[in-house]
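The next block holds one structure in the form of structure tokens; read it before the comments.
Chains as they are written, first to last, in the working numbering: chain A, 19 to 157; chain B, 19 to 157; chain C, 19 to 157; chain D, 19 to 157.
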């Protein structure tokens, strides 16, 4: 049986070892939108003692992948870009949310904001390729 | 005393907890160029049992940061983008290398190729902002 | 005398030969935001009889430049990216508007939506470098 | 009859009103690669008396589109990004060339360098969606 839109990100997270390592939690999700959060840990820092760029990217990429898959089809990321606006410290809690979304037949487009409280810390844009395979209960 | 170009990435890696978690090793480095490699582990996979997009991004971002800092100034990433060309599996060894580089006064520009053997698996483009702070031996 | 935020895009357009060739008009502007529109002409089409990608890019880039300069400093584009979502035909009227904006000391970040009526046809993300030179009446 | 790879960009240019307005000429082309050039004119300048960002973008986008179509299928641009490295003046002759290319079943990936003489002035990255329609002599 096909999964409901809001069930898909939860199923995805339960099978996603890396997002689990990051400590990502789903805060909200509905069709076309997903909001996820995590805390920056010491093992996520770079040589300048700030969160590695790969960390905020990964949170945004997970929000993006979750949002793009709520439409029911397996959607895989083709192209993504991120502006790093503010450096992040150990202990910061950051939230990523898809704020603009557009879906065509084979492609999907999203803008993801990453925030620390009310402050915008990164801006992410992504494109997915939508396959014909559906998310089913027994995947 | 200022560090030599090829010393800077080694110093950076020794202080970079996340790149250490990723298992990144420096294969080659010289001024303006750095080549790094790592193996995809089980805890780096996503819900589709492939490497999370954040993993190949992070390797490329580390290669980018290392290359951009070999010029001696602290350089911080502003904008990066990545094309995900091939999905990656547990056990794959991937290498990221800066293949095009351009440095201006305050900005630096790089293209990074991510390969699995001879196969191009991702293409990354990045811009750094170059601060006036130098890498010194006792940083 | 420094110009007011909403005067800057009008001054810029009056000095911008290419935006004038495109037929760009300023629909709204205020500090941090600018909305511009234009009609696709026959001499803007590509080999597939659709608007060349450079046309929607150029409109978005103008909206971006205008918005980023309303803060009073000369701001120059460093990095921009665009998703082409819908093909555009001769006669289409398209509007570009900065919908997300963030300004730091030396950098500015914007998301620009390009629409045909209510339909999103392109998504643009850009970063500017903000110089120390101000827009003055007698520039 | 299908066109030969090197014939396709010439056919595309002959039907491309905007690239013709830009004064683009094809310097070299072969399968997977195309090199095009043009001169910056007065009507291509922005409010700062430099080439509008849309001009170097458009040249790169044409080089990209031409290279991506040499494989024989209609290929349409999905996502593109450009770093503006050097400002360009009236009279400058600029050349854009696809220097890295990768083709998958439905997608193609390219890096385009834009140069003024030997100097790198912009870096462009693009993704195309490859349709199933072929370029034929009587298109």
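Virtual Cβ for every residue (Gly too), placed ideally from N, Cα, C.
Q: May I have the straight-line CA-CA distance separating residue 46 of chain B from residue 52 of chain B, to the nearest angstrom?
A: 6 Å
(Q) In whole angstroms, give me the CA-to-CA distance for residue 29 of chain C and residue 155 of chain C. (A) 9 Å
Q. For residue 141 of chain B and chain D, any beta-carbon pair shorter than 8 Å?
A. yes
Q) Using CA coordinates, which residue listed in B:111, B:141, B:149 and B:122 is at the minimum distance from residue 129 of chain B? A) B:141
Q: For residue 74 of chain C, name the three-state secondary structure that DSSP assigns.
A: Helix.
Q: Could you pull out every unbroken beta strand (DSSP E) segment of at least 3 residues lying fully inside the segment 98 to 128 of chain C, listed in chain order?
A: 111 to 121
(Q) Which of the three DSSP states is assigned to residue 38 of chain C in this structure? (A) helix
**Q.** For residue 65 of chain A, three-class secondary structure by DSSP
**A.** Coil at residue 65 of chain A, not helix or strand.
Q) Could you give the distance in angstroms between the alpha-carbon of residue 22 of chain A and the alpha-carbon of residue 90 of chain A? A) It is roughly 8 Å from the alpha-carbon of residue 22 of chain A to the alpha-carbon of residue 90 of chain A.
Q.
Am I right that residue 96 of chain C and residue 145 of chain B are in contact with their C-beta atoms under 8 Å? What's the rounded C-beta distance?
A. 6 Å
Q. If we ignore side chains and look at the alpha-carbon of each, how far apart do residue 136 of chain C and residue 83 of chain C end up?
A. Whole-angstrom Cα-Cα distance: 23 Å.
Q) Can you find a C-beta in chain A that's less than 8 Å from the C-beta of residue 91 of chain C? A) Not an interface residue.
(Q) Quick check: is the beta carbon of residue 116 of chain A nearer than 8 Å to any beta carbon in chain D? (A) no
Q | Which residues DSSP lists as bridging residue 140 of chain C, in chain order | A | Paired residues: C:102 and C:132.
Q: Tell whether a beta-carbon distance below 8 Å holds between residue 19 of chain D and residue 40 of chain D.
A: no
Q. So, is residue 150 of chain A buried or exposed, given that buried needs 16 or more other C-beta atoms within 10 angstroms?
A. So residue 150 of chain A counts as exposed.
Q) Taking Cβ-Cβ distances shorter than 8 Å, what residues in chain C pair up with residue 99 of chain B? A) The contacting residues are 99.
Q: Could you confirm whether any beta carbon from chain C is found closer than 8 Å to the beta carbon of residue 145 of chain B?
A: yes
(Q) Report the CB separation of residue 107 of chain C from residue 58 of chain C in whole angstroms; it is logged as a contact under 8 Å. (A) 7 Å
Q) Do you know whose CA, among D:93, D:116 and D:133, lies nearest residue 102 of chain C's CA? A) D:93
Q. Are there 16 or more other CB atoms within 10 angstroms of the CB of residue 80 of chain D, so buried, or fewer, so exposed?
A. buried
Q. Alpha carbon to alpha carbon, what distance is there between residue 110 of chain A and residue 42 of chain A?
A. 13 Å
Q. Using DSSP with H/G/I as helix, E/B as strand and the rest coil, what is residue 50 of chain D?
A. coil
Q. Taking Cβ to Cβ, would you say residue 112 of chain C is nearer than 8 Å to residue 134 of chain C?
A. It is a contact, given that the beta carbons lie within the stated cut-off.
(Q) Since residue 77 of chain A and residue 132 of chain A should fall inside the 8 Å C-beta cutoff, what is the C-beta to C-beta distance between them, to a whole number of angstroms? (A) 6 Å
Q) At what residues does the alpha helix (DSSP H) containing residue 28 of chain A begin and finish? A) 25 to 32
Q. Are residue 26 of chain D and residue 88 of chain D close, meaning C-beta to C-beta below 8 Å?
A. yes
Q. Where does residue 60 of chain D land, buried or exposed, given buried means 16+ other C-beta within 10 angstroms?
A. exposed
Q: Determine the chain B residues that contact residue 96 of chain C at a beta-carbon separation under 8 Å, and present them in chain order.
A: 96, 97, 125 and 145
Q. If you drop the 5 nearest sequence neighbours on each side, which residues of the same chain put their C-beta closer than 6 Å to that of residue 114 of chain D?
A. 54, 77, 78, 81, 130 and 132
**Q.** Minimum C-alpha distance to residue 125 of chain C - residue among C:44, C:143 and C:147
**A.** C:147
Q: Could you confirm whether any beta carbon from chain B is found closer than 8 Å to the beta carbon of residue 62 of chain A?
A: yes
Q) Straight-line CA distance for residue 69 of chain C to residue 71 of chain A? A) 36 Å
Q.
Between which residues of its own chain and residue 32 of chain C is the CB-CB distance below 8 Å, once the five residues before and five after are set aside?
A. none
Q: Return the CA-CA distance between residue 138 of chain A and residue 38 of chain D, expressed in angstroms with no decimal places.
A: 42 Å
Q: Find the nearest neighbour of residue 152 of chain D within the set C:24, C:44, C:34 and C:66, judged by alpha-carbon distance.
A: Taking only the C-alpha atoms, the option nearest residue 152 of chain D is C:66.
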